[in-house]
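Just below is one structure, and these are the notes that go with it.
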Amino acid sequence: MLDVKLSSDLQSDSDLLFAAVREAGAMGLELSKQNVRKWSKPDGSTVTEADLQIDAFLKARLHNTRPDYGWLSEESVDTPDRLSRQRLWIVDPIDGTNSFVNRTDGWCIGAALIEDGHPILAALYQPQVDLFYAAAFGHGAFCNKILIAPHDGENIAGATLLGTGSALKALPGVEAAASPNTPLLLRLAHVACGKADIAVSLGLRNDWDLAAGGLLVSEAGGVISQADGRKMIYNLPVPKQNGLLAAGAKRHRAALAQMEAK
Numbered sequence: 015m016l017d018v019k020l021s022s023d024l025q026s027d028s029d030l031l032f033a034a035v036r037e038a039g040a041m042g043l044e045l046s047k048q049n050v051r052k053w054s055k056p057d058g059s060t061v062t063e064a065d066l067q068i069d070a071f072l073k074a075r076l077h078n079t080r081p082d083y084g085w086l087s088e089e090s091v092d093t094p095d096r097l098s099r100q101r102l103w104i105v106d107p108i109d110g111t112n113s114f115v116n117r118t119d120g121w122c123i124g125a126a127l128i129e130d131g132h133p134i135l136a137a138l139y140q141p142q143v144d145l146f147y148a149a150a151f152g153h154g155a156f157c158n159k160i161l162i163a164p165h166d167g168e169n170i171a172g173a174t175l176l177g178t179g180s181a182l183k184a185l186p187g188v189e190a191a192a193s194p195n196t197p198l199l200l201r202l203a204h205v206a207c208g209k210a211d212i213a214v215s216l217g218l219r220n221d222w223d224l225a226a227g228g229l230l231v232s233e234a235g236g237v238i239s240q241a242d243g244r245k246m247i248y249n250l251p252v253p254k255q256n257g258l259l260a261a262g263a264k265r266h267r268a269a270l271a272q273m274e275a276k
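Read in order, the letters of the sequence shown correspond to residues 15 to 276 in my numbering.
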């Protein structure tokens with residue numbers, strides 16, 4: 015999935031990760047054609063049998079193959095043993111479950127490999143439209159093996175933003191992109207490849223919604239941070255970040271300055 019030369023251990027992990035995510039996407043595509051059972055979690059979000067099946071598949075392929083690596087997934091019980099692991103898989107089996115249920119293309123499968131709190135590999139697959147995003151630390155970001163980069167600019171005037179109404183209020187002068195309900199991982203992928211200019215989300219956000227997309231943004235040449243500008247560090251005891259701000263490097267500085275001034 016990456017036409018670059020990696021170190022031998024990273025190459026082995028990338029081969030494992032990219033193949034597993036692509037297979038999980040094929041599984042999800044087949045499951046999306048079925049009437050899978052769905053229900054609501056305690057937080058009100060939707061989960062389906064497909065989420066759980068894909069989670070189990072990825073855990074078997076990734077964690078069981080690398081038992082020394084930690085595991086953190088939206089659909090797995092979190093355990094404190096991950097905190098002692100230098101490397102950690104962070105997985106979202108289906109980001110955009112409502113789109114999956116409605117059989118639209120606004121869902122994806124995302125996974126990242128974290129080392130010492132920072133992502134070093136990322137894979138994000140949108141199987142309905144066969145878009146596979148991949149990144150390795152220090153080697154760029156790609157969509158279907160084509161190098162990607164964000165749109166950038168000295169200011170945010172007229173920039174397209176993926177986010178909710180609160181995000182738009184935080185950055186007056188931007189324009190709402192066509193699909194504000196796009197899940198967080200796809201928002202980050204869209205910023206990384208220039209489909210949208212800025213992504214903003216306010217409030218606490220889970221690591222699995224950010225890790226894979228965050229590496230895509232940074233390796234594409236953009237910048238991602240928490241909404242207050244702090245760097246994201248993954249695999250903390252509470253695996254959450256204080257929102258997100260992602261954009262091209264110059265536009266990220268302009269957006270952060272405007273958000274800090276409010």
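Backbone N, C-alpha and C fix where the C-beta goes; we use that ideal spot for every residue, glycine too. Nothing here was measured: the structure is a model prediction, and the numbers come from that model.
DSSP places Ala155 inside the beta strand (DSSP E), whose first and last residues are Ala155 to Cys157.
Our two residues, Leu185 and Ala260, have alpha carbons roughly 13 Å apart in a direct line.
Per the Cβ contact rule, the region 247 to 261 is not in contact with the region 146 to 163 (fewer than 3 Cβ pairs under 8 Å). Counting only residues of its own chain and dropping the five nearest sequence neighbours on each side, Leu45 has a CB closer than 6 Å to the CB of Ala64.
Gly217 and Cys122 have their C-alpha atoms spaced approximately 22 Å apart. For Asp23, the enclosing alpha helix (DSSP H) stretches over residues Ser22 to Leu45.
In the displayed model, Phe146 falls within a strand according to three-state DSSP. Straight through space, the alpha carbons of Asp221 and Ala213 are spaced by roughly 16 Å. Judged by DSSP in its simplified three-state form, Thr93 adopts coil rather than helix or strand. Straight through space, the alpha carbons of Arg99 and Gly58 are spaced by roughly 31 Å. Annotated three-state conformation of Trp222 is helix, per DSSP. Unbroken beta strand (DSSP E) stretches of 3 residues or longer found wholly inside the region 187 to 259: 212 to 220 and 236 to 239, given in chain order. Where Ala181 is concerned, the enclosing alpha helix (DSSP H) starts and stops at Gly179 to Ala184. DSSP, read as helix, strand or coil, puts Thr118 in coil.
When secondary structure is reduced to three states using DSSP, Thr79 falls in the coil class, being assigned neither helix nor strand. Arg101 is bridged by DSSP to Glu129.
For the pair Gln142 and Leu199, the Cα-to-Cα distance works out to about 15 Å. According to DSSP, residue pairing for Lys73 in a beta bridge does not occur.
Boundaries of the alpha helix (DSSP H) around Lys264: Ala263 to Ala275. Assigned with DSSP and collapsed to three states, Asp109 falls in strand. Between the C-alpha atoms of Thr60 and Arg96 there is a straight-line separation of about 26 Å. In the same chain as Leu66, and ignoring 5 residues on each side of it, the C-beta atoms closer than 6 Å to its own belong to Glu89, in chain order. A Cβ-Cβ distance of about 15 Å is found for the pair Gly187 and Ala210, leaving them out of contact under the 8 Å criterion. Per the DSSP secondary-structure output, Gly124 pairs in a beta bridge with Asp106 and Leu138. Secondary-structure assignment with DSSP links Ser54 through a beta bridge to Thr60.
Looking at Thr62, Ala275 and Glu274, the one whose alpha-carbon comes closest to that of Asn112 is Thr62. Taking C-alpha positions only, Ala163 is separated from Pro56 by approximately 38 Å.
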